[in-house]
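Chemist: Sending over a structure as structure tokens; questions will come in a sec.
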Amino acid sequence: MTPTSIPAPLWQRPARALAVLAALAVSAPPHAALMPSPSVIPDTVQTSPGNPLTAAYGALQAGRYAEAEATFIGHLATHPDDPMAMLGLSALAQTQNDAQGARAWMHKALQRAPQNATLIHANGRLAQAQERWADAISSLEQAVLLAPQAAGPRSDLAALLLKLGRAPEAIVHFQALVDAAPDDLTRRSHLGIAHVAAGHDADGVKYLESAQNGHDDDAMALSALALAYQRLGNHTRALHTSDRLIAANAGHASAWLIRGDALMALQRGDAAVDAYARAEALAPSPVAALKRGSALERLGRNGDAEAAYRAALALDPQFGPAHNNLAFLIASQPARRDEALNAARLAVTIDNSRATYHDTL
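Anchor point for the sequence shown: position 121 equals 149 in the numbering used here, and the numbering is continuous, going up by one each time.
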């Protein structure tokens, strides 16, 4: 094997690099800001005028748990079949980390009103809070069927589907929300974020740009927009958008990663190294270290590049792309061919689809 026979490293294949690392490029996923309130009780219950339990819900939300419990129990003493009081006790149990008690009270509430969309929505939120994802989706889907015009259940369902990596399904619900309120900039922004998460970058840009006037400081929207610009090859706009995000929040690690990617595409390697280093300092990750190593390698700083790849592997010894790039980097040194081959074998073992250098070595 000769050094010139080795395939180009990651930094020399920008299109492939984006494809391989697209899902890893942002340390905070675009859906993070879309997740519903941690409260089990839907907002429609907490704000319902004339609800005799409004004071109890208010005490619960304010953290006055003893007062809330006494009020709910007192109400059940005179209204033993009121499912909304049972819902309150379910939410109270969940705040106190009593998962079994929360499910028991929710079950009692649903027995009293099995077709109540608000209760079913709350049951979905409870399942989500307890990370019972299948149960959460099932309940939220049922709530949407029972109340198709209600924004709450559909919004929670869309956000959960997005969180679970089911962006195409989430888009259907975000689109329905936009169709119901076309001028709602928040809904348009959420739809755009979902499109970017699904890889529909042009559609994502369309909705995110249309929502920007009302969301100039929305970190998740700006992050998704910058990533979409970058993947579409509009590196100047990606850089500008990442800079806007950094101006609003200099601690946003993903913005520094996207900034580094844009700078690399614009042939500004030194600045890219600095951007990746900032991302690493804010949120250490093997992806940031890998990208820094690729940028350093492009600048001919091979010793620093190797150190960066090893930093990535220190964070995640099973991070295949770092083994892959390390194999290429050291393969040109005759005394280290065995070490390079070992790194390439590790890359193949971890993920054959991402390891490109083993056969050549």
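The beta carbon of each residue, even a glycine, is placed where N, CA and C say it ideally should be. For clarity, every value in this text was computed on a predicted model and none was experimentally measured.
Under the rule that 16 or more other beta-carbon atoms within 10 Å means buried, what is VAL200, buried or exposed?
Modeler: Taking the first residue of the sequence shown as 1, we reach residue 200 at position 172. Exposed, by the Cβ-count rule.
Chemist: Use the C-beta contact count for ASP289: other C-beta atoms within 10 angstroms, 16 or more gives buried, fewer gives exposed.
Modeler: Looking up residue 289 in the sequence shown gives position 261. Buried, since its Cβ has 16 or more Cβ neighbours within 10 Å.
Chemist: Restricting to Cα atoms, I'd like to know which of ASN262, ALA375, ILE148, GLN240 is closest to LEU273.
Modeler: For the purposes of this step, residue 273 is taken as the residue at position 245 of the sequence shown. Residue GLN240 is the option with its Cα nearest to LEU273.
Chemist: Assuming ALA90 contacts PHE100 under a Cβ cut-off of 8 angstroms, what Cβ separation, rounded to an integer in Å, is found between them?
Modeler: Translated into positions along the sequence shown, residue 90 becomes position 62. Translated into positions along the sequence shown, residue 100 becomes position 72. ALA90 to PHE100, Cβ: 14 angstroms. No contact.
Chemist: Here's the rule I'm using: 16 or more other beta-carbon atoms within 10 Å means buried, otherwise exposed. How should PRO210 be labelled?
Modeler: Here residue 210 refers to the residue found at position 182 when the sequence shown is read from its first residue. It is exposed - the Cβ of PRO210 has fewer than 16 other Cβ atoms within 10 Å.
Chemist: Are TRP284 and ALA317 closer than 9 angstroms when you measure CB to CB?
Modeler: On the sequence shown, residue 284 is found 256 positions in, with the first residue counted as 1. On the sequence shown, residue 317 is found 289 positions in, with the first residue counted as 1. No, these two residues do not count as a Cβ contact at 9 angstroms.
Chemist: Under a three-way DSSP split, which group does ASN79 fall into?
Modeler: Taking the sequence shown and counting its residues from 1, the one referred to as residue 79 is at position 51. Reduced to three states, the DSSP call for ASN79 is coil.
Chemist: Could you compute how far the alpha carbon of ALA178 sits from the alpha carbon of GLN122?
Modeler: Position 150 of the sequence shown, counting from 1, holds the residue named residue 178. Position 94 of the sequence shown, counting from 1, holds the residue named residue 122. Looking at the two C-alpha atoms, the distance is approximately 25 angstroms.
Chemist: Taking Cβ to Cβ, would you say PRO176 is nearer than 9 angstroms to ILE148?
Modeler: Locating residue 176 in the sequence shown gives position 148, where the first residue counts as 1. Locating residue 148 in the sequence shown gives position 120, where the first residue counts as 1. Against a cut-off of 9 angstroms, the Cβ pair of ILE148 and PRO176 comes out as no contact.
Chemist: Does DSSP classify ALA391 as helix, strand or coil?
Modeler: The structure shown has nothing for residue 391, since the chain only spans 29 to 389.
Chemist: Within 10 angstroms of the Cβ of HIS135, are there 16 or more other Cβ atoms? Answer buried if so, exposed if not.
Modeler: Within the sequence shown, residue 135 is the residue found at index 107, counting from 1. Exposed, because fewer than 16 other Cβ atoms sit within 10 Å of the Cβ of HIS135.
Chemist: In whole angstroms, what is the alpha-carbon distance linking SER55 and GLN139?
Modeler: As a first step, residue 55 must be located in the sequence shown, where it is residue number 27. As a first step, residue 139 must be located in the sequence shown, where it is residue number 111. For SER55, the predicted model reports a pLDDT of 37, less than 50, meaning its position is unreliable and no value from the coordinates is stated.
Chemist: Quick one: residues in its chain with C-beta nearer than 8 angstroms to the C-beta of GLN143, no 5 flanking neighbours on either side, listed in chain order?
Modeler: For the purposes of this step, residue 143 is taken as the residue at position 115 of the sequence shown. Taken in chain order, the residues that qualify are LEU174.
Chemist: Using beta-carbon positions only, say whether ILE69 and LEU104 come within less than 9 angstroms of one another.
Modeler: Counted from its first residue, the sequence shown places residue 69 at position 41. Counted from its first residue, the sequence shown places residue 104 at position 76. No, the pair does not count as a contact, with Cβ atoms beyond the cut-off.
Chemist: Identify which residue in GLY279, GLY152, HIS218, ALA363 has its Cα closest to the Cα of ALA204.
Modeler: The residue given as residue 204 occupies position 176 in the sequence shown. Answer by Cα proximity: HIS218.
Chemist: What are the boundary residues of the alpha helix (DSSP H) that includes ARG306?
Modeler: Taking the sequence shown and counting its residues from 1, the one referred to as residue 306 is at position 278. First-last of the alpha helix (DSSP H) with ARG306: 297-310.
Chemist: Could you tell me whether the Cβ atoms of ALA311 and SER322 are closer together than 9 angstroms?
Modeler: Here the question's residue 311 lines up with position 283 in the sequence shown. Here the question's residue 322 lines up with position 294 in the sequence shown. Their beta carbons are not under 9 angstroms apart, which means ALA311 does not touch SER322 by this criterion.
Chemist: Comparing alpha-carbon positions, which option in ASN262, GLY261, ASP207 lies nearest TYR235?
Modeler: The residue you call residue 235 lines up with position 207 of the sequence shown. The shortest C-alpha separation from TYR235 is found at ASP207.
Chemist: Just list the beta strand (DSSP E) runs in the stretch 315-389, keeping only unbroken ones of 3 residues or longer that don't cross its boundaries, in chain order.
Modeler: You should have found no qualifying run.
Chemist: In whole angstroms, give me the CA-to-CA distance for GLU95 and TRP161.
Modeler: Position 67 of the sequence shown holds residue 95. Position 133 of the sequence shown holds residue 161. Distance between the alpha carbons of GLU95 and TRP161: 31 angstroms.
Chemist: Leaving out five residues before and five after GLU97 in sequence, what residues of the same chain have Cβ atoms less than 8 angstroms from its Cβ?
Modeler: Along the sequence shown, one-based indexing puts residue 97 at 69. Within the same chain, GLU97 has close Cβ partners LEU117, LEU120.
Chemist: Take ALA336 and list the residues in its own chain whose beta-carbon comes closer than 7 angstroms to its own, dropping the five residues that flank it on each side.
Modeler: Translated into positions along the sequence shown, residue 336 becomes position 308. Excluding sequence neighbours, ALA336 sits near ALA317, ARG320, GLY321, LEU324.
Chemist: Please give me, in chain order, every unbroken run of the alpha helix (DSSP H) with length at least 4 that falls completely inside the stretch 251-301.
Modeler: If we require 4 residues or more, the alpha helix (DSSP H) runs fully inside the stretch 251-301 come out as 263-276, 281-293.
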